[in-house]
Amino acid sequence: MAESNPHFMNGVPELLILQVLKDREMYGYELVEQIRQRSGEVIQVGEGVVYPVLHGLERSGALESRRGKVNGRSRVYYQLTPQGAARLAGLSDSWSRLTDAIRQVMGGPAHA
Amino acid sequence: MLDELRERLLREGVKPTAAGRYVAELADHLDDLSEHVPRDVALRLLGSPEVLAEAMLAQPGVRSWTARAPWATLMLGPMLALTVGCVLSAAALVLVVRIFAADLDYGHAASPGTWPYSVLRVIYAFNEHLMPILVGWATISVALRQRAGIGWLLAGAALTALLGGGLLMVVEFHAHDISFGVGLKYEDPFTTVLGRSFESAVLNLILILAPYAALRMRMRMRMRMRMARSA
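Protein sequences, first through last, are from chains A and B. The numbering of the first sequence is my numbering, which starts it at 22 and goes up by one. The numbering of the second sequence is my numbering, which starts it at 3 and goes up by one.
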């Protein structure tokens, strides 16, 4: 199991959450599982820390939530809003430029 | 662990609704994790109480008004509530009398035995004896729920008691008109009203603070029970 890397993760959870929720609505546990699977289990933080980020994104209008049932248990589902989609586009663009810049510094090829 | 986290967040000034929702979702998450891994591993994966608390406290907009400006919610709030309550009740009485007793000579309408007079007495009694206690209890409830310091709690209760004891609703019936206003009984220190106002304020304070000790004991017992359950 990979070690958590909290410093590297600063600011990244927001981008990952918005990206994962782009496809469909999810509840917290499902969301964390998706991030873990899609990152090949490289990205791991204390799983509970996603909730303050989710709540913050909801307060800012990037996400909406609703209560739903999963196996008879109540869960809070989160979904992306149009405002959240716009924010994701901006964050993705910034992230791509940053990773390209880092790759160039490291001597690798940049994206076209 | 989650109860300790909730308590810590409340003490750090997080809104009770935000802290409650966070802890409830963490409990759900822990249940989901526990279906796949042992409980101790699930707790580790969820995150330590320090990490979970820091993540919440780092979010903007989660601190309550009582944490950011206790003077506003625990002192200004009760003052406004009492004043607005007094003004609204007097205005409501004037409106009702004007609508339903428009054909009466208002000067006689205020005589004992008439319904406007009876309503006026009820409103006076409510404003003078009941409203300060209700506002005081609400103030203490907010202070306790949001873990405000004892100093702010007592200051809010004392101010509510003092203002509640001295607030004076004045409704004057003239022959063809009714006027109303709100003032302070304390403003003339040479009348016996002063004595009555302070007596009323002291009585208010006692009645406001009496349930506080009971509430505090109940909260302590609840917290001990929760901690014993989660241990």
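Here a beta-carbon is modelled for each residue, glycine too, at the ideal position from N, C-alpha and C.
Of all the residues that make up the segment 114 to 142 of chain B, which are near chain A by a beta-carbon distance shorter than 9 Å? Residues are counted here when their Cβ sits less than 9 Å from a Cβ of chain A; for the segment 114 to 142 of chain B the count is zero.
Listed by chain order, chain A residues near Glu174 (chain B) by CB distance under 7 Å: Counting from one through the second sequence, the residue named residue 174 (chain B) turns up at place 172. Chain A residues near Glu174 (chain B): none, gap ~49 Å exceeds 7 Å.
For the putative contact between Tyr48 (chain A) and Val97 (chain A), defined by C-beta atoms under 8 Å, what is the C-beta separation to the nearest angstrom? Within the first sequence, the letter at position 27 stands for residue 48 (chain A). Within the first sequence, the letter at position 76 stands for residue 97 (chain A). Right, their Cβ atoms sit about 6 Å apart.
Consider the Cβ of Leu156 (chain B): report whether some Cβ of chain A lies at a distance smaller than 8 Å. Sequence index remark: in the second sequence, residue 156 (chain B) carries index 154 (1-based). Chain A contact via Cβ: absent.
Ser199 (chain B): buried (16+ other C-beta within 10 angstroms of its C-beta) or exposed? Taking the first residue of the second sequence as position 1, residue 199 (chain B) is located at position 197. Buried.
Mapping DSSP to helix, strand and coil, what is Gly185 (chain B)? In the second sequence, residue 185 (chain B) corresponds to position 183, counting from 1. It is a strand residue.
Met225 (chain B) and Glu9 (chain B) look like a contact to me (Cβ under 8 Å); what is the Cβ gap, rounded to whole Å? For this step, residue 225 (chain B) is matched to residue 223 along the second sequence. For this step, residue 9 (chain B) is matched to residue 7 along the second sequence. Met225 (chain B) to Glu9 (chain B), Cβ: 7 Å. Contact.
Between Val70 (chain A) and chain B, is there a C-beta pair that is closer than 8 Å? Walking along the first sequence from the start, residue 70 (chain A) turns up at place 49. So, interface residue.
Residues of the segment 93 to 125 of chain A with Cβ closer than 9 Å to any Cβ of chain B, in chain order: So the close ones are Arg94, Ser95, Arg96, Val97.
C-alpha distance - Arg80 (chain A) paired with Gln65 (chain A), whole-angstrom precision: Translated into the one-based positions of the first sequence, residue 80 (chain A) becomes position 59. Translated into the one-based positions of the first sequence, residue 65 (chain A) becomes position 44. Their Cα atoms are separated by approximately 25 Å.
Taking CB distances under 8 Å as the criterion, tell me whether Arg45 (chain A) reaches chain B. Here residue 45 (chain A) refers to the residue found at position 24 of the first sequence. No, no contact with chain B.
Buried or exposed (CB count within 10 angstroms, at least 16 for buried), Lys90 (chain A): The residue given as residue 90 (chain A) occupies position 69 in the first sequence. It is exposed - the Cβ of Lys90 (chain A) has fewer than 16 other Cβ atoms within 10 Å.
Could you spell out where the alpha helix (DSSP H) holding Leu169 (chain B) opens and where it closes? Locating residue 169 (chain B) in the second sequence gives position 167, where the first residue counts as 1. Unbroken run through Leu169 (chain B) is the beta strand (DSSP E), 169 to 175; no alpha helix (DSSP H).
Ser95 (chain A), enclosing beta strand (DSSP E) - first and last residue: Your numbering for residue 95 (chain A) matches position 74 in the first sequence. That run of the beta strand (DSSP E) goes 94 to 101.
Test item: CB-CB of Val96 (chain B) and Val173 (chain B) under 8 Å: Residue 96 (chain B) sits at position 94 when you count from the first residue of the second sequence. Residue 173 (chain B) sits at position 171 when you count from the first residue of the second sequence. Yes; because the gap between Cβ atoms is below 8 Å, this pair is in contact.
Using a C-beta to C-beta distance shorter than 7 Å, which residues of chain C count as neighbours of Arg80 (chain A)? Although the question refers to chain C, the structure presented lacks it and instead comprises the protein chains A and B.
Which residue or residues does DSSP assign as beta-bridge partners of Ile180 (chain B)? Here the question's residue 180 (chain B) lines up with position 178 in the second sequence. DSSP, once it has assigned bridges, lists B:Phe175 as partnering Ile180 (chain B).
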